[in-house]
Amino acid sequence: MFDKLCLIGVGLIGGSIAKAAKKHGLARTIVGYGREQDSANLALALDLGLIDAFFTDIASAVTNADGVILAAPVASTESILAQLKPHWSSATLYSDVGSTKVSVISALKAVFGEVPSNFIPAHPIAGAEQSGALAAVDQLFVNKRLIITPTSTTNHDLLLKLQWFWRRLGAIVSCMDAEPHDQILAATSHLPHVLAYALVDLLGHKDEQREIFKYAAGGFKDFTRIASSDPTMWTDICLANQAAILPLIHELQAELDKIALMLNNGDRQQLFTIFSYANQARQRFLNQLDNSMAKTITFHIQPGGRLQGETRVPGDKSMSHRSIMLGSLADGVTHVTGFLQAEDALATLQAFRDMGVRIDGPENGQVTIYGVGKDGLKQPKNELYLGNSGTSMRLLSGLLAGQPFNCVLTGDKSLSGRPMRRVTEPLAQMGAEIQTTEQGTAPLRITGKAGQLKAIDYQMPMASAQVKSCLLLAGMYAQGETRVTEPAPTRDHTERMLAGFNYPVKREGNTAIISAEGRLTAMTIDVPSDISSAAFFLVGASIAPGSDVTLRHVGINPTRTGVINILRLMGANIEVLNEREIGGEPVADLRVQYSPLTGINIPEDLVPLAIDEFPVLFVAAACATGETRLSGAEELRVKESDRIQVMADGLQLLGVNAEPTPDGMVIQGGGNIGGGVVNSHGDHRIAMAFSIAGLRASAPITVLDCANVNTSFREFKDIATQLGLGLTCVED
Ligand code: S3P
């Protein structure tokens, strides 16, 4: 790539570029330049084999170099450029690695009168507290972001060459203007450094410093790690970017004042709202990263055991989503209890906060929603990130199609691969304008068509509550009567909850009917436990001899109880106790005791009523004597993972005879379930299903990629172990 690459400065960054460029054979010769006083470090770089030669006079260093990278402190940029000017070569690619880019561009203009077309400012976001050639590592840039800030004069070919160079070093390269770069870095890097230095400075100067530092544990260490960074470098960076850092310091001061006032007033609720918002925002941010910072969770299951005891699993996911959506659109204040505090439902909650709705909580399942009325949503400032949650995306696409603003819906890798045409096509028939990718997937770019949607009479090609709910929500903003007919009954929480909010919805056979006539009146919602979460223990207790479990307060809406019916057909012993109705939804306690299961042909009409429970039902089938056949369940292929393939792969790995078919699976049960390492492919229900399989396994099972259990059932590990499953969870 380069014949002779010259690094102006061979510290951590310059040295790491040299080391990585050598490793990948990107330069025939690499030389370093430094001042006299840097000779020892340069000699060390030579000894370490990072560079082939070094110079302390710049002319010799850059002679015949076709690549020159400034990797010295940003404050020295202008003087280095002035020294380079007499030796400038138009055939050479010049770049830098400075943390601030506007200052580099100003220095170029000061020295050259303009930005030379062959100087391309760049910034690898890959610092570390250590400095000097000794700290150099060839992996420093792998999977790290590198931002190039080209100018209007930048030479295109050299830009491509620089991009290619950094990609070869493993960096994720992107381009942006210098100003936004500096603003982003001020917020994400420079301000945190200022804070870390400030805190240590403050505490260090206190008389009682010894006492304080003696007791300073993890939080202090984590927070102040970056105060160990090179003070000269950071003084330079902060001064170079003071224009972007100062406004942030002022905003932070205001935020701290706000928190101080809350503490002073003992305002627990407001303080909790800030902390829980930050907690959730950080989690979303980690989830969006290219997995480099996101945690991985592995479940290790000891074979055997039984489940015993009484428990209450968390709130119903479908109802939790809908409580936020309808509560936000209602007139008045809606109080929710039993809300599911898991990532999917929190994604919906955050989306409505982003659209201007004040929502307090959740705290112990309690949420208070200050409804803005049917037409009160505001345009979100940014894209709405919905994580792993298909329900959020599909329902929101309908709700947002008829708003007076545009917005973009995005999701994680799994959600970005799931089919969205099932909602965008009927919505388009209503006059909505929603752009998807060519594959019909997210991001969904919605152009709000307030007042322009028209009702349709839609026959759904698949039994999907998400599609039905999406169209009903769009129908609340359409002219005329929207009619949605389902090929088989699907969960009807949207219709029930709309009725609870006093919004008129009619039902004629398999058709749900809605119009724009109506408003929602705030209500109180008690979300029952999620039968889809209870299902893991219904199966667990059914397959493990000696088990006896009672699951309290479970939602037993008949559109959700397929799992009970299927298990009973297989011979399970499930009692439905204390049946009652709460807020328009049937609820009961479920007692399940071990009972030998027998394989069955699963009736197709039960499929939509147990659609989320098949991963764990396949485990039940593996433990049942004889053959179990599932058909008519092609929808399983487009859930958070391809649940037919992923379950068949995992079961086979555990020694179970499980044959996937296009729309289901055939399982020969009753044999031995062995141990092994199965991959959940980031699908929460697969991870939990294989954990339950451990109850009947003959050797330990390890389940990989379980972090997404947090999307629906954060307490799974605790509840499962409390009931008797030998589950340990390892996070890294
Ligand atoms: C849901 C409907 C189902 C289900 C999902 C939640 C809902 O999806 O799988 O977990 O809340 O409406 P489909 O409607 O696509 O089958």
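FYI, in the UniProt record's numbering the residues of the sequence shown are 1 to 732.
Even glycine gets a Cβ: it sits at the ideal position worked out from N, Cα and C.
The structure displayed is predicted, hence computed values, not measured ones.
Check, Outcome
"Reduced DSSP category for N41 - H, G, I as helix; E, B as strand; rest coil", "helix"
"Assigned exposure category for R418 - 16 Cβ within 10 Å defines buried", "buried"
"CB of M665 within 7 Å of CB of I644, strictly", "yes"
"Per DSSP, the bridge partner or partners of K4", "T29"
"Residue environment, W234, which counts as buried when at least 16 other CB atoms sit within 10 Å", "buried"
"Buried or exposed by the 16-neighbour rule on C-beta atoms within 10 Å, applied to E343", "buried"
"Residue range of the unbroken beta strand (DSSP E) whose run includes Q668", "664–669"
"When Y594, A478, F141 are compared against V539, the one with the closest alpha-carbon", "Y594"
"A40 versus H300 - alpha carbon distance", "51 Å"
"Counted within 10 angstroms of its Cβ, other Cβ atoms place K85 as buried (16 or more) or exposed", "exposed"
"Separation of V423 from S292, as counted between CA atoms", "Since pLDDT at S292 reaches only 48, below the 50 mark, its modelled position is unreliable, and no value is offered."
"Proximity below 7 Å, CB of I525 to CB of V333", "no"
"Uninterrupted beta strand (DSSP E) stretches inside the stretch 166–190 (no shorter than 3 residues)", "172–175"
"Buried versus exposed call for F716 [16 or more other C-beta atoms within 10 Å across all chains shown]", "buried"
"Those residues, in chain order, that have a beta-carbon closer than 5 Å to some heavy atom of ligand 1", "S318, T391, S464, A465, Q466, I611, D612"
"Same chain, Cβ closer than 8 Å to D354, neighbours up to 5 away in sequence not counted", "P380, K381, N382, L384"
"Among L158, A136, S90, I8, the one whose alpha carbon lies nearest that of I120", "L158"
"Residue of S99, L93, L472 minimising C-alpha distance to H156", "L93"
"Residues of its chain near N241, where Cβ-Cβ distance is below 8 Å and the 5 sequence neighbours each way are ignored", "S99, T100, V102, S103, D182, L185, A186, H190"
"Pairwise C-alpha distance: K413 and R28", "40 Å"
"Cα-Cα separation between T232 and S641, rounded to whole angstroms", "50 Å"
"Bounding residues of the alpha helix (DSSP H) (the contiguous stretch that carries D316)", "Segment: none, D316 is in no alpha helix (DSSP H) and carries neither H nor E."
"Collapsed DSSP secondary structure at D331 in the structure displayed", "strand"
"Outcome for residue 781 when other beta-carbon atoms lying within 10 angstroms are tallied against a minimum of 16", "No information on residue 781 is available, as it lies outside the stretch 1 to 732 that the chain covers here."
"V62 - containing alpha helix (DSSP H), residue span", "58–62"
"Cβ contact (3+ pairs, closer than 8 Å) linking the stretch 536–550 and the stretch 599–608", "no"
"S292 (DSSP reduced to helix, strand or coil)", "The predicted model places S292 with a pLDDT of 48, which falls under 50 and marks its position as unreliable; any figure quoted below should be read in that light. It is coil, neither helix nor strand."
"C-beta atoms of C623 and R696 nearer than 7 Å", "yes"
"From V678, I359, N364, residue whose alpha carbon lies closest to that of Y370", "I359"
"Contact check, S16 vs V194, beta carbons under 7 Å", "no"
"Element boundaries [beta strand (DSSP E), containing residue 739]", "In the structure as shown, the chain starts at 1 and stops at 732, and residue 739 therefore has no counterpart that could be examined."
"Presumed contact (8 Å Cβ cut-off) between L409 and L444, rounded CB distance", "4 Å"
"Closest by C-alpha distance to M176, when choosing among D612, T628, H123", "H123"
"Distance, V31 Cα to A72 Cα", "14 Å"
"Closest Cα partner of A720 within the set V74, L108, K206, L307", "L307"
"Segment limits, alpha helix (DSSP H) that includes E343", "343–354"
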